[in-house]
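Q: Going by my numbering, the sequence shown opens with residue 741, and the numbers climb by one from there. By construction, the Cβ of each residue, glycine as well, lies at the ideal position given by its N, Cα and C atoms. Note that this is a predicted model, so its numbers are computed, not measured. Before I ask anything, let me first share the structure, which is written out below as structure tokens.
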Amino acid sequence: MKILAGKPLPIGTWKNGDILNFSVSVDKGADCRLLLYKQGEATPSKRIEMKNSVGSLWSVALEGVCSEFESYNYEVDGLILLDPRSLGLIGREEWKGQRDPLSGQVRSLLMTPEFDWEDDAPLHLPEDELIAYSLHVRGFTKGAAAGVRHKGTFIGIIEKLNYLMDLGINQLHLMPIYDFEENLRYTNYWGYGEGFFFAPKAAYASNGSGINEFKALVKACHKVGIEVVVEMPFQEKETPWLIVECLRYYAMEYHVDGFILNPALISIDELRADPVLTKTRILYHDLTFQNTMRRFLKGDEGMVGETARCITRSLRGSGTYNYIANHNGFTLQDLVSYDGKHNEANGENNTDGPDYNYSWNCGAEGPTRKKSVLALRTNQVKNALFLVFLSQGIPCLLAGDEFGNTMKGNNNVYCQDNEISWLDWRLEKKNRELVTFVKSLIAMRKKYKTLHAKEELLGMDVSSRGIPDVSYHGESAWQAPLEIASRILGIYYRGNEEASSECFVAYNMHWISHEFALPSTNQGKKWYRVASTKEGIFDKPELLKEQRKTLLPERTIEVFIRK
């Protein structure tokens, strides 16, 4: 093995042919050494002085590294430190395992393992066809009834791909998958905060190899037409340079299809202009849609105008996506079951988590046996799902919402690594009717193209047919019901020349019934009802006897087509 001066850039550990280059940033004037460890040993067998420095970067290169060496650390002024840009970690294979980084029990992987990608590549699915599903890697399959062999792992998700495909999902949103420390003052279940952003989490792998198992997940998803988008919540202290390097690495090394980022930390537009990331999806959380739909759902006044805007905006390429429930806040079932958060188990006197959830318990706080309350909650859940999947843009379903998963009123389960945060798959069997509803709803969205138009809807007669591409109605046709007290809205999608693409969606979030005027039909075309909150998604369209108007019961959404 030959020792060379090394190059300061790129920072981290990178292989070029037979040469391994190490570069790390340390305080000026520090004494820095590279420590090499043999396989399975926590004591270094070789210490190498790092003499080459530029600014705060110290580097060294090794040519012809012996295969007996498996891992490395740095020793800075006598302290053993992990490489902050480690590509993989050894010694953190067990979730919440006891380990001391300063003792050498945790080390950085010297060389990443080989992986056969075959002909895999990011999918680049059309944005208007995406159906997203947001999950936590561990919580998704850790529950006792998950029905997988490798619980709480990347492979566990692979075991559930048939289920996701059956739902109609074609994009996964994964909460942090990089290596982070779970053993903090409170359990760090979500993974936010400091982390080794370049290294997939070893504890999320069934065999301890987070690198290859995450690659296996991406590859398996791509084979069945599902994109993989990972959330990368970098901290404010991280430089834009590091963020760009990390995203490039995951795009090239792991074939990920996109990222969910904090736009306050780095320019989204600049990332999209990056030559490596130009085709990679760059997304971010936007609470506008969530909060608007939650307020409209429970019947707040003055919400019709903003609701109409959120439903019909598509904002192609903007990075936003539509959800009514997310990991930070109530699940959908809890949204209709609790007026207030119940985070007492978190140990912070219920002061943590969002205070404003715009939720409504439908008449009883938490679990209840009242049939009227339970029926109303089911109705509201279906209304919420309609609001998400009948809106333009990318719809995103929180894992478990399709079968009524609950976190018992906890809207901030960041520290709950237990049955509170894990999906309860027993509900998937118990609430089979709701699962079927979601599956049918997604299929209906895919069938009627105007519900996910390729082009931005402008509210104008863009095709010179005398009717705008989208228009708003109420008890009177062609008149948007924008009064403060209004809680109803009708949206007519004219669409293209295909008769089946003309849709009218009527929303009645009032606690009394309302009559809706249907836009006048062309000669030879008639209105058919195809879906209803209270009756589900129809197998066959139902011809309306009355073609000029329709009566909607209280808290109901219905979908009509014209053909």
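#1: Let me make sure I understand the geometry here. Which of VAL1016, LEU901, PRO1003, ALA960 has the alpha-carbon closest to that of GLU985?
#2: By alpha-carbon positions, which one of LEU865, ALA1193, ASN947, ALA770 ends up nearest to SER1241?
#3: Going along the chain, which residues of its own chain have a beta-carbon closer than 6 Å to the beta-carbon of ASN1090, five neighbours each way excluded?
#4: So, is GLN779 buried or exposed, given that buried needs 16 or more other C-beta atoms within 10 angstroms?
#5: How far does the beta strand (DSSP E) with GLU985 in it extend, from its first residue to its last?
#6: Please determine, among VAL794, ARG1056, MET915, LEU1072, the residue with the shortest C-alpha to C-alpha distance to VAL968.
#7: Using only the alpha-carbon positions, how far apart do PHE1300 and LYS1038 sit?
#8: Quick one: using the 10 Å Cβ neighbour count with 16 as the cut-off for buried, is THR783 buried or exposed?
#9: Can you have a look at GLY965 and say buried or exposed, based on whether 16 or more other CB atoms are within 10 angstroms of its CB?
#10: Note down, one range per segment and in chain order, each beta strand (DSSP E) of at least 3 residues found wholly within the segment 756-838.
#11: Could you pull out every unbroken beta strand (DSSP E) segment of at least 3 residues lying fully inside the segment 1130-1209, listed in chain order?
#12: Name the one or two DSSP bridge partners that GLY1045 has.
#13: Mind checking which residues open and close the alpha helix (DSSP H) that includes LEU957?
#14: Near THR753, what residues of its chain come up, given a Cβ to Cβ distance below 6 Å and the 5 sequence neighbours on each side ignored?
#15: If I follow the unbroken beta strand (DSSP E) through ASP1074, where does it start and stop?
#16: Return helix, strand or coil for ILE1008, following the three-state DSSP convention.
#17: Leaving out the 5 sequence neighbours to the left and right, which residues in its chain are closer than 7 Å to ILE1006 when beta-carbon positions are compared?
#18: List the whole-angstrom C-beta distance separating GLN1287 from LYS1266, where the pair is believed to meet the contact cut-off of C-beta under 8 Å.
#19: To the nearest angstrom, report how far apart LEU901 and HIS876 are at their CA atoms.
#20: Tell me whether PHE855 sits in a helix, a strand or coil according to DSSP, three-state version.
#21: Can you grab the Cα-Cα spacing for the pair SER807 / SER1161, in whole Å?
#22: I need the straight-line Cα distance from LEU1023 to GLY818, nearest angstrom please.
#23: Do PHE1244 and LEU1258 count as a contact pair if the criterion is CB distance below 8 Å?
#24: From LEU802 to MET851, what does the alpha carbon distance come to, in whole angstroms?
#25: Between the segment 903-912 and the segment 931-943, can you find at least three pairs of beta-carbon atoms closer than 8 Å?
#26: Could you give the first and the last residue of the continuous alpha helix (DSSP H) run that contains LYS1038?
#27: DSSP state of TYR1233, grouped into three classes?
#28: Return the chain-ordered list of same chain residues with a C-beta closer than 6 Å to the C-beta of TYR814, the five sequence neighbours on each side being excluded.
#29: Can you find the residues in the same chain that come closer than 7 Å, C-beta to C-beta, to GLU976, ignoring five residues on each side of it along the sequence?
#30: Which word fits GLY746, buried or exposed, when buried means at least 16 other C-beta atoms lie within 10 angstroms of its C-beta?
#31: Would you kindly work out how many angstroms separate the C-alpha atoms of TYR944 and PHE920, rounded to a whole number?
#32: My assumption, with CB atoms under 8 Å, is that ASN1002 sits in contact with PHE974. Please give the rounded CB distance.
#33: How about ARG1035 and TYR1098: are their beta carbons less than 8 Å apart?
#34: Among HIS890, PRO1135, VAL1270, TRP835, which has the Cα closest to the Cα of GLY1059?
#35: Let's see if you can read the secondary structure: which residues bound the alpha helix (DSSP H) around VAL846?
#36: Within 10 angstroms of the Cβ of GLU1238, are there 16 or more other Cβ atoms? Answer buried if so, exposed if not.
A: Concretely, from the data shown:
#1: Residue numbering aside, residue 985 sits at position 245 when the sequence shown is read from its first letter. The candidate whose alpha carbon is nearest that of GLU985 is VAL1016.
#2: One-based indexing of the sequence shown puts residue 1241 at position 501. Checking every option, the nearest Cα to that of SER1241 belongs to ALA1193.
#3: As a first step, residue 1090 must be located in the sequence shown, where it is residue number 350. ASN1083, GLU1084.
#4: One-based indexing of the sequence shown puts residue 779 at position 39. The residue in question, GLN779, is exposed, as its Cβ has fewer than 16 Cβ neighbours within 10 Å.
#5: Here residue 985 is taken as the residue at index 245 of the sequence shown, counted from 1. Counting along the chain, GLU985 falls outside any beta strand (DSSP E), though it belongs to the alpha helix (DSSP H) covering 980-993.
#6: On the sequence shown, residue 968 is found 228 positions in, with the first residue counted as 1. The residue with the shortest Cα to Cα distance from VAL968 is MET915.
#7: Residue mapping note: residue 1300 aligns to position 560 of the sequence shown, counting from 1. Residue mapping note: residue 1038 aligns to position 298 of the sequence shown, counting from 1. Whole-angstrom Cα-Cα distance: 23 Å.
#8: Looking up residue 783 in the sequence shown gives position 43. THR783 is exposed by the Cβ-count criterion.
#9: As a working note, residue 965 is residue 225 in the sequence shown. Exposed, by the Cβ-count rule.
#10: 759-765, 772-778, 786-789, 792-794, 797-803, 809-816, 819-821
#11: 1136-1138
#12: Against the sequence shown, residue 1045 aligns to sequence position 305. GLY1045 is not bridged to any residue.
#13: Residue mapping note: residue 957 aligns to position 217 of the sequence shown, counting from 1. That run of the alpha helix (DSSP H) goes 950-963.
#14: Position 13 of the sequence shown holds residue 753. Here the set comprises PHE762.
#15: Stepping through the sequence shown from its first residue, residue 1074 is reached at position 334. Element bounds for ASP1074: not the beta strand (DSSP E) but the alpha helix (DSSP H), 1072-1075.
#16: The sequence position of residue 1008 within the sequence shown is 268, counting from 1. Helix at ILE1008.
#17: Here residue 1006 refers to the residue found at position 266 when the sequence shown is read from its first residue. Taken in chain order, the residues that qualify are PRO980, ILE983.
#18: If you number the sequence shown from 1, residue 1287 lands on position 547. If you number the sequence shown from 1, residue 1266 lands on position 526. That belief holds up - the Cβ atoms of GLN1287 and LYS1266 are roughly 6 Å apart, short of 8 Å.
#19: Counted from its first residue, the sequence shown places residue 901 at position 161. Counted from its first residue, the sequence shown places residue 876 at position 136. Straight-line Cα distance between these residues: approximately 15 Å.
#20: Looking up residue 855 in the sequence shown gives position 115. The answer is coil: DSSP assigns PHE855 none of H, G, I, E or B.
#21: Along the sequence shown, one-based indexing puts residue 807 at 67. Along the sequence shown, one-based indexing puts residue 1161 at 421. Approximately 42 Å, taken between the alpha carbons.
#22: Within the sequence shown, numbered from 1, the residue matching residue 1023 stands at position 283. Within the sequence shown, numbered from 1, the residue matching residue 818 stands at position 78. Each residue's Cα considered, the two are about 42 Å apart.
#23: The residue given as residue 1258 occupies position 518 in the sequence shown. The residue given as residue 1244 occupies position 504 in the sequence shown. Yes. Within cutoff.
#24: Position 62 of the sequence shown, counted from the first residue, corresponds to residue 802. Position 111 of the sequence shown, counted from the first residue, corresponds to residue 851. Spanning the two alpha carbons is a distance of roughly 12 Å.
#25: no
#26: Within the sequence shown, numbered from 1, the residue matching residue 1038 stands at position 298. Looking at the DSSP string, the run of the alpha helix (DSSP H) that includes LYS1038 is 1027-1038.
#27: Against the sequence shown, residue 1233 aligns to sequence position 493. Correct three-state label for TYR1233: strand.
#28: Here residue 814 refers to the residue found at position 74 of the sequence shown. Contacts found: VAL764, LEU821.
#29: As a first step, residue 976 is located in the sequence shown; it is residue number 236 there, counting from the start. The residues are LEU1005.
#30: Your numbering for residue 746 matches position 6 in the sequence shown. Looking at its Cβ environment, which holds 16 or more other Cβ atoms inside 10 Å, GLY746 is buried.
#31: Reading the sequence shown from its first residue, position 204 is the one you call residue 944. Reading the sequence shown from its first residue, position 180 is the one you call residue 920. Approximately 11 Å, taken between the alpha carbons.
#32: Here residue 1002 corresponds to residue number 262 of the sequence shown, with the count starting at 1. Here residue 974 corresponds to residue number 234 of the sequence shown, with the count starting at 1. Contact flag correct, Cβ pair sits at about 7 Å.
#33: In the sequence shown, counting from the first residue as 1, residue 1035 sits at position 295. In the sequence shown, counting from the first residue as 1, residue 1098 sits at position 358. Yes, the Cβ-Cβ distance between ARG1035 and TYR1098 is below 8 Å.
#34: Taking the sequence shown and counting its residues from 1, one reaches residue 1059 at position 319. Minimum Cα distance to GLY1059 is reached at PRO1135.
#35: On the sequence shown, residue 846 is found 106 positions in, with the first residue counted as 1. Careful: VAL846 lies outside any alpha helix (DSSP H) and carries neither H nor E.
#36: In the sequence shown, the residue the question calls residue 1238 occupies position 498. Any reading at GLU1238 must be qualified, since the residue scores a pLDDT of 49, below 50, and its modelled position is unreliable; the value itself is stated next. Label assigned to GLU1238: exposed.
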